[in-house]
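See below for the structure under consideration.
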Amino acid sequence: CDRILWYGKGIKQNRYERGESKLSDHRPVRATFTVITDIINSIKLMERCFSSERYENLDIDRLI
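Numbering (this note's numbering), first residue to last: 578 to 641.
Written out as structure tokens, the structure reads:
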């Protein structure tokens with residue numbers, strides 16, 4: 578049985594698909610997920626996460 582293993586709070590599996598393979602007894606699989614994360618509260622931390630150009634273009638109000 579071929580699987581995608583995942584675990585955690587705020588993770589919801591939306592779709593799981595498996596295909597056929599003529600070259601192997603393992604089936605190719607894929608899945609899509611929705612993930613809810615915490616917002617980065619510290620502007621200083623956010624500045625360290627992004628390069629200056631990317632940070633300047635970031636719409637913080639849209640994220641909050």
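C-beta atoms are modelled at their ideal positions from N, C-alpha and C, and glycine is treated no differently.
Check, Outcome
"ARG607 and TYR593 closer than 9 Å at C-beta", "yes"
"Contacts around ASP579, its chain only, beta-carbon distance under 7 Å, and the 5 residues preceding and following it disregarded", "ARG595, HIS603, ARG604, VAL606"
"Euclidean distance between Cα positions of LYS586 and LYS599", "37 Å"
"Beta carbon of THR611 nearer than 9 Å to that of ILE581", "no"
"Cα-Cα separation, ASN591 to MET623", "29 Å"
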